[in-house]
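Residues in the sequence shown are numbered from 9 upward in steps of one, following our numbering. Each residue gets a CB set at the ideal place from its N, CA and C atoms; glycine is no exception.
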Amino acid sequence: RRTSATGKKYPPSKPTTRQVIEMQVYTPFEANNSYKKTLKIVVSCAIFAVACIFISQAGTNTLAQGASVRRTSATGAMYRQPASMLRANPMSKAVGLNRNIFANAFALPDLPWEKEALKPHMSPETIDYHYGKHHAAYVNKLNDLTKGTDKESKTLEELIKSESGVLFNQAAQSWNHEFFWNCLSPNGGGEPSGDLATAINRDFGSFAAFKEAYDKAAVGHFGSGWIWLVADASGKLSIVDTHDAQNPMTDGLTPIITTDVWEHAYYIDYRNARPKYISDGWWSLVNWEFAGKNFAAVKNLAEVA
Numbered sequence: 009r010r011t012s013a014t015g016k017k018y019p020p021s022k023p024t025t026r027q028v029i030e031m032q033v034y035t036p037f038e039a040n041n042s043y044k045k046t047l048k049i050v051v052s053c054a055i056f057a058v059a060c061i062f063i064s065q066a067g068t069n070t071l072a073q074g075a076s077v078r079r080t081s082a083t084g085a086m087y088r089q090p091a092s093m094l095r096a097n098p099m100s101k102a103v104g105l106n107r108n109i110f111a112n113a114f115a116l117p118d119l120p121w122e123k124e125a126l127k128p129h130m131s132p133e134t135i136d137y138h139y140g141k142h143h144a145a146y147v148n149k150l151n152d153l154t155k156g157t158d159k160e161s162k163t164l165e166e167l168i169k170s171e172s173g174v175l176f177n178q179a180a181q182s183w184n185h186e187f188f189w190n191c192l193s194p195n196g197g198g199e200p201s202g203d204l205a206t207a208i209n210r211d212f213g214s215f216a217a218f219k220e221a222y223d224k225a226a227v228g229h230f231g232s233g234w235i236w237l238v239a240d241a242s243g244k245l246s247i248v249d250t251h252d253a254q255n256p257m258t259d260g261l262t263p264i265i266t267t268d269v270w271e272h273a274y275y276i277d278y279r280n281a282r283p284k285y286i287s288d289g290w291w292s293l294v295n296w297e298f299a300g301k302n303f304a305a306v307k308n309l310a311e312v313a
């Protein structure tokens, strides 16, 4: 309603012919303009969605590029770390790689065989606990201790030779376990051959004498630790036992083979019968091919020196 000059209200007047024409002309335009605004919103959303997909793909490519970073394993070989386990370290800029800042510097290496492959001498359950829990725990703790420090760019060997205390224990146990898995093979057992067999006969008198000395060290070792066949710089062989996480590399010796005599290595399969674990388990699985390669590396270095 409209108000007159006298204050009286009267019904609104009907629209004029001109107003009707204007409404007919402009109403379709306004509707068309609203459609254009809606279309712009839809197009903007589509562009935003495409941008998100592109950014996500770029992130995936960055991780894939980071996955090519390799670290030196305990066996001396190079292994690839999963992209999900990479983490930035001070070497990133030096090697020109984009790294995932939330990943880990040290990875749990793959086993060299399927966990069922060592039956009946070592059960899959033992592997699940020994590798999947104990070994993995050492690697995880090592990552916790080195995260954000210059130590995460070092190899396990470098940490073993330079650190002490808790950090040494985690690095050494990570290396010891990886080396131990490679000392086992479903096709193992028997006696060595080639240069290693010759060296054993030279330094122990015979393989039988070596085996007897190794058994004595393994069965008689008090508490937790490792039994090693090692070589010095000249290639001379000897048997040493180390407690807890200790590693003979700290004494300048090169491991050829090792036996884990921590109780978790055998308790599921052999309970507290360590002698049976050594006689029925270890000697049935020992990987002499791997041992021979380790000794060959020492022999080559000795000849060069």
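DSSP three-state assignment for residue i, whether helix, strand or coil
i	result
residue 299	helix
residue 229	coil
residue 258	helix
residue 198	coil
residue 57	helix
residue 272	helix
residue 283	helix
residue 112	coil
residue 66	Here the model assigns residue 66 a pLDDT of 49, short of 50, so the residue's position is not dependable, and the following value carries that caveat. Helix.
residue 308	helix
Opening and closing residue of the alpha helix (DSSP H) in which residue i lies
i	result
residue 121	Where residue 121 is concerned, there is no enclosing alpha helix (DSSP H), given that its DSSP letter is neither H nor E.
residue 276	275-278
residue 211	202-212
residue 182	173-190
residue 169	164-170
residue 116	Residue 116 -> no alpha helix (DSSP H), and no H or E assigned at all.
residue 154	144-154
residue 136	132-137
C-beta atoms of residue i and residue j nearer than 7 Å
i	j	result
residue 177	residue 253	yes
residue 120	residue 190	yes
residue 251	residue 233	yes
residue 185	residue 292	no
residue 239	residue 276	no
residue 368	residue 290	Look at the range of the chain in this structure, 9 to 313, and you will see that residue 368 is not part of it.
residue 247	residue 225	yes
residue 150	residue 114	yes
residue 153	residue 167	no
residue 200	residue 296	yes
residue 182	residue 147	yes
residue 262	residue 306	yes
residue 214	residue 310	no
residue 164	residue 144	no
residue 192	residue 303	no
residue 255	residue 180	yes
residue 268	residue 245	no
Extent of the continuous beta strand (DSSP E) run through residue i
i	result
residue 268	262-268
Beta-bridge pairing of residue i - partner residues as DSSP gives them
i	result
residue 251	233
residue 52	Residue 52 is not bridged to any residue.
residue 238	246, 263
residue 294	192
Is there contact here, the stretch 123-138 with the stretch 269-285, by at least three beta-carbon pairs under 8 Å? Contact between the stretch 123-138 and the stretch 269-285 is present, because at least three Cβ pairs lie under 8 Å.
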